[in-house]
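Participant: Questions regarding the structure given below will be posed in turn.
Numbering (our numbering), first residue to last: 210 to 457.
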(Lines of atoms letter the chains of each structure in order from A and count residues from 1; the text may use other names and numbers.)
(Lines give C-alpha, C1' and ligand atoms only; values in the text may rest on other atoms or scores of the structure.)
Protein backbone atom coordinates (compact mmCIF):
# COMPACT_ATOMS: atom_id res chain seq x y z
CA UNK A 1 0.00 0.00 0.00
CA UNK A 2 2.98 2.31 0.56
CA UNK A 3 5.19 0.93 -2.22
CA UNK A 4 8.10 3.20 -3.13
CA UNK A 5 7.04 6.00 -0.79
CA UNK A 6 9.80 7.76 1.13
CA UNK A 7 9.40 7.76 4.91
CA UNK A 8 11.49 9.68 7.43
CA UNK A 9 11.46 8.46 11.03
CA UNK A 10 13.18 10.48 13.75
CA UNK A 11 14.54 8.85 16.88
CA UNK A 12 14.51 5.51 15.11
CA UNK A 13 17.87 4.18 16.24
CA UNK A 14 16.61 2.15 19.20
CA UNK A 15 15.85 -1.47 18.39
CA UNK A 16 13.04 -1.71 20.98
CA UNK A 17 11.65 1.80 20.60
CA UNK A 18 8.60 3.24 18.86
CA UNK A 19 10.74 4.80 16.14
CA UNK A 20 12.47 1.55 15.27
CA UNK A 21 9.20 -0.37 15.25
CA UNK A 22 7.56 2.27 13.05
CA UNK A 23 10.48 2.18 10.63
CA UNK A 24 10.14 -1.61 10.34
CA UNK A 25 6.38 -1.42 9.73
CA UNK A 26 6.82 1.21 7.02
CA UNK A 27 9.64 -0.72 5.37
CA UNK A 28 7.54 -3.89 5.37
CA UNK A 29 4.77 -1.88 3.69
CA UNK A 30 7.10 -0.98 0.84
CA UNK A 31 8.58 2.35 1.92
CA UNK A 32 12.13 3.50 1.49
CA UNK A 33 12.97 4.55 5.03
CA UNK A 34 15.40 7.17 6.29
CA UNK A 35 16.11 6.77 9.99
CA UNK A 36 17.27 9.94 11.73
CA UNK A 37 18.85 9.68 15.15
CA UNK A 38 21.20 11.82 17.21
CA UNK A 39 23.44 8.73 17.40
CA UNK A 40 24.94 8.22 13.93
CA UNK A 41 25.92 4.59 14.54
CA UNK A 42 22.47 3.71 15.86
CA UNK A 43 20.84 5.31 12.81
CA UNK A 44 22.99 3.46 10.28
CA UNK A 45 22.72 0.15 12.14
CA UNK A 46 18.92 0.39 12.33
CA UNK A 47 18.69 1.31 8.64
CA UNK A 48 20.95 -1.59 7.63
CA UNK A 49 18.72 -3.97 9.59
CA UNK A 50 15.79 -2.95 7.37
CA UNK A 51 17.62 -4.16 4.28
CA UNK A 52 19.20 -2.65 1.22
CA UNK A 53 18.09 0.79 0.10
CA UNK A 54 17.26 2.29 3.50
CA UNK A 55 19.49 4.96 5.00
CA UNK A 56 20.51 6.21 8.44
CA UNK A 57 21.46 9.82 9.12
CA UNK A 58 22.75 11.56 12.23
CA UNK A 59 20.45 14.44 13.13
CA UNK A 60 19.83 16.56 16.22
CA UNK A 61 16.19 17.52 15.70
CA UNK A 62 16.50 20.45 18.09
CA UNK A 63 18.74 22.12 15.48
CA UNK A 64 16.72 23.44 12.51
CA UNK A 65 19.75 23.55 10.21
CA UNK A 66 20.56 19.92 11.01
CA UNK A 67 16.98 19.00 10.10
CA UNK A 68 17.15 20.83 6.79
CA UNK A 69 20.49 19.22 5.99
CA UNK A 70 19.18 15.75 6.81
CA UNK A 71 16.14 16.22 4.58
CA UNK A 72 18.39 17.44 1.77
CA UNK A 73 20.31 14.17 2.04
CA UNK A 74 17.09 12.13 2.09
CA UNK A 75 15.77 13.96 -0.97
CA UNK A 76 19.03 13.48 -2.86
CA UNK A 77 19.28 9.76 -2.08
CA UNK A 78 15.66 8.59 -1.87
CA UNK A 79 13.43 11.40 -3.11
CA UNK A 80 11.09 13.94 -1.56
CA UNK A 81 9.61 12.50 1.65
CA UNK A 82 6.02 11.28 1.49
CA UNK A 83 5.81 10.42 5.19
CA UNK A 84 7.33 11.98 8.30
CA UNK A 85 7.17 10.29 11.70
CA UNK A 86 8.23 12.70 14.44
CA UNK A 87 9.22 10.26 17.17
CA UNK A 88 12.39 11.77 18.67
CA UNK A 89 11.84 12.80 22.27
CA UNK A 90 13.31 12.94 25.76
CA UNK A 91 11.53 11.68 28.88
CA UNK A 92 12.51 12.77 32.37
CA UNK A 93 10.79 11.84 35.64
CA UNK A 94 11.61 15.10 37.50
CA UNK A 95 8.93 16.44 39.80
CA UNK A 96 7.78 20.05 39.58
CA UNK A 97 10.21 21.58 42.06
CA UNK A 98 13.15 19.56 40.72
CA UNK A 99 13.01 20.80 37.12
CA UNK A 100 15.94 22.99 36.14
CA UNK A 101 15.91 25.38 33.21
CA UNK A 102 18.45 23.19 31.43
CA UNK A 103 16.39 20.03 31.81
CA UNK A 104 13.20 21.83 30.82
CA UNK A 105 14.88 23.19 27.69
CA UNK A 106 16.25 19.78 26.72
CA UNK A 107 12.84 18.11 26.84
CA UNK A 108 11.02 20.93 25.05
CA UNK A 109 13.75 21.45 22.45
CA UNK A 110 13.76 17.81 21.37
CA UNK A 111 10.12 16.81 21.79
CA UNK A 112 8.32 20.00 20.74
CA UNK A 113 10.77 22.23 18.88
CA UNK A 114 12.13 19.16 17.09
CA UNK A 115 8.64 18.38 15.82
CA UNK A 116 8.33 21.90 14.42
CA UNK A 117 11.83 21.84 12.93
CA UNK A 118 11.23 18.59 11.07
CA UNK A 119 7.88 19.65 9.65
CA UNK A 120 9.38 22.93 8.49
CA UNK A 121 12.11 20.92 6.78
CA UNK A 122 9.83 18.47 4.94
CA UNK A 123 6.76 20.60 4.27
CA UNK A 124 8.10 22.63 1.31
CA UNK A 125 8.70 19.49 -0.74
CA UNK A 126 5.32 18.04 0.24
CA UNK A 127 3.59 21.33 -0.62
CA UNK A 128 5.25 21.45 -4.01
CA UNK A 129 4.12 17.88 -4.74
CA UNK A 130 0.66 18.43 -3.26
CA UNK A 131 0.61 15.49 -0.86
CA UNK A 132 2.18 14.07 2.28
CA UNK A 133 1.48 12.69 5.73
CA UNK A 134 2.94 13.61 9.11
CA UNK A 135 2.58 11.51 12.24
CA UNK A 136 3.70 13.15 15.48
CA UNK A 137 4.24 11.04 18.59
CA UNK A 138 2.62 12.66 21.59
CA UNK A 139 1.89 11.05 24.95
CA UNK A 140 -0.88 10.20 27.37
CA UNK A 141 1.18 12.24 29.86
CA UNK A 142 -0.14 15.34 28.11
CA UNK A 143 -3.70 14.24 28.78
CA UNK A 144 -3.37 13.26 32.44
CA UNK A 145 -0.79 15.78 33.69
CA UNK A 146 2.33 13.66 33.54
CA UNK A 147 2.83 10.79 35.93
CA UNK A 148 4.31 7.32 35.55
CA UNK A 149 7.78 8.28 34.21
CA UNK A 150 7.22 11.69 32.62
CA UNK A 151 7.46 14.89 34.66
CA UNK A 152 5.48 18.12 34.21
CA UNK A 153 7.91 19.43 31.58
CA UNK A 154 7.51 16.23 29.56
CA UNK A 155 3.72 16.51 29.81
CA UNK A 156 3.94 20.15 28.71
CA UNK A 157 6.13 19.34 25.72
CA UNK A 158 3.86 16.53 24.58
CA UNK A 159 0.80 18.73 25.15
CA UNK A 160 2.45 21.16 22.80
CA UNK A 161 2.90 18.36 20.28
CA UNK A 162 -0.82 17.61 20.47
CA UNK A 163 -1.73 21.26 19.97
CA UNK A 164 0.72 22.01 17.18
CA UNK A 165 -0.48 18.88 15.37
CA UNK A 166 -3.92 20.46 15.04
CA UNK A 167 -2.46 23.77 13.88
CA UNK A 168 -0.28 22.01 11.32
CA UNK A 169 -3.24 19.96 10.11
CA UNK A 170 -5.35 23.07 9.58
CA UNK A 171 -2.62 24.96 7.71
CA UNK A 172 -1.37 22.11 5.56
CA UNK A 173 -4.66 20.46 4.59
CA UNK A 174 -5.21 22.77 1.59
CA UNK A 175 -1.90 21.46 0.23
CA UNK A 176 -3.00 17.82 0.44
CA UNK A 177 -0.94 17.14 3.58
CA UNK A 178 -2.47 15.31 6.52
CA UNK A 179 -1.07 15.75 10.04
CA UNK A 180 -2.06 13.55 12.97
CA UNK A 181 -0.61 12.50 16.30
CA UNK A 182 -0.53 9.31 18.34
CA UNK A 183 -0.88 9.52 22.10
CA UNK A 184 0.60 6.32 23.55
CA UNK A 185 0.11 5.15 27.08
CA UNK A 186 2.90 3.23 28.84
CA UNK A 187 4.97 1.34 26.25
CA UNK A 188 7.44 -1.38 27.18
CA UNK A 189 10.63 0.09 25.70
CA UNK A 190 14.15 0.84 26.90
CA UNK A 191 13.28 4.47 27.63
CA UNK A 192 12.31 3.55 31.20
CA UNK A 193 15.67 1.95 31.97
CA UNK A 194 16.03 0.64 35.52
CA UNK A 195 13.02 2.65 36.66
CA UNK A 196 10.74 -0.14 35.41
CA UNK A 197 10.79 -2.58 38.31
CA UNK A 198 8.53 -5.61 38.34
CA UNK A 199 6.42 -4.06 41.12
CA UNK A 200 6.01 -0.88 39.08
CA UNK A 201 5.12 -2.90 35.98
CA UNK A 202 2.38 -4.78 37.86
CA UNK A 203 1.05 -1.50 39.23
CA UNK A 204 0.87 0.02 35.74
CA UNK A 205 -0.79 -3.04 34.20
CA UNK A 206 -3.41 -3.06 36.97
CA UNK A 207 -4.65 0.29 35.63
CA UNK A 208 -4.93 -0.84 31.99
CA UNK A 209 -8.29 -2.42 31.06
CA UNK A 210 -6.74 -4.56 28.31
CA UNK A 211 -4.46 -6.10 30.92
CA UNK A 212 -1.01 -5.50 29.44
CA UNK A 213 1.46 -2.78 28.61
CA UNK A 214 1.82 -1.77 25.00
CA UNK A 215 4.78 -2.91 22.97
CA UNK A 216 6.35 -0.59 20.42
CA UNK A 217 4.66 -2.36 17.52
CA UNK A 218 1.22 -1.45 18.91
CA UNK A 219 2.13 2.18 18.28
CA UNK A 220 3.86 1.35 14.99
CA UNK A 221 0.66 -0.21 13.64
CA UNK A 222 -1.20 3.01 14.43
CA UNK A 223 1.59 4.92 12.71
CA UNK A 224 1.17 2.77 9.61
CA UNK A 225 -2.59 3.38 9.64
CA UNK A 226 -2.17 7.16 9.83
CA UNK A 227 0.50 7.08 7.11
CA UNK A 228 -1.59 5.09 4.67
CA UNK A 229 -4.64 5.61 2.50
CA UNK A 230 -6.66 3.78 5.16
CA UNK A 231 -6.80 7.15 6.95
CA UNK A 232 -7.14 9.35 3.85
CA UNK A 233 -9.98 11.43 5.37
CA UNK A 234 -8.39 11.82 8.81
CA UNK A 235 -6.36 14.86 9.82
CA UNK A 236 -5.86 16.80 13.03
CA UNK A 237 -6.60 13.73 15.17
CA UNK A 238 -4.88 12.70 18.40
CA UNK A 239 -5.17 8.90 18.31
CA UNK A 240 -5.03 7.24 21.73
CA UNK A 241 -3.11 3.97 21.90
CA UNK A 242 -3.27 3.17 25.59
CA UNK A 243 -5.20 -0.05 26.14
CA UNK A 244 -8.06 1.89 27.73
CA UNK A 245 -5.83 3.44 30.42
CA UNK A 246 -7.27 6.88 29.63
CA UNK A 247 -10.72 7.30 28.10
CA UNK A 248 -12.29 10.62 27.22
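We put the beta carbon where it would ideally sit given N, CA and C, even for glycine.
Using only the alpha-carbon positions, how far apart do residue 232 and residue 390 sit?
Facilitator: Their backbone Cα atoms lie some 16 Å apart in a straight line.
Participant: With a CB to CB cut of under 7 Å and the five nearest residues on each side skipped, what residues in its chain are close to residue 369?
Facilitator: 321.
Participant: Output the residue ranges of the alpha helix (DSSP H) runs that lie fully inside the region 227-305 and measure 4 residues or longer, sorted by chain position.
Facilitator: Those alpha helix (DSSP H) runs which fall completely within the region 227-305 and span 4+ residues are 227-237, 249-259 and 273-286.
Participant: Determine the direct distance from the alpha carbon of residue 336 to that of residue 384, and round the result to whole angstroms.
Facilitator: Rounded to the nearest angstrom, the two C-alpha atoms are 6 Å apart.
Participant: To the nearest angstrom, how far is it from the Cα of residue 419 to the Cα of residue 286?
Facilitator: Going from the Cα of residue 419 to the Cα of residue 286 covers about 42 Å.
Participant: Beta-carbon separation of residue 367 and residue 351 under 8 Å?
Facilitator: Contact flag set, yes.
Participant: Per DSSP, residue 448 forms a beta bridge with which residues?
Facilitator: Residue 448 pairs with 391.
Participant: Between which residues of its own chain and residue 432 is the CB-CB distance below 7 Å, once the five residues before and five after are set aside?
Facilitator: Result list for residue 432: 231, 234, 294, 344 and 391, in chain order.
Participant: Give me whichever residues DSSP pairs with residue 386 in a beta bridge.
Facilitator: The partner list for residue 386 (beta bridge, DSSP) reads 341.
Participant: Which partner residues of residue 423 appear in the DSSP bridge assignment?
Facilitator: Its beta-bridge partners are 396.
Participant: If you reduce the DSSP assignment to three classes, tell me which class residue 224 lands in.
Facilitator: Residue 224: coil per DSSP, three-state reduction.
Participant: List the whole-angstrom C-beta distance separating residue 266 from residue 282, where the pair is believed to meet the contact cut-off of C-beta under 8 Å.
Facilitator: Correct: roughly 6 Å between the Cβ atoms.
Participant: Name the residue from 290, 361 and 353 whose alpha carbon lies nearest to the alpha carbon of residue 316.
Facilitator: Closest option to residue 316, Cα to Cα, is 361.
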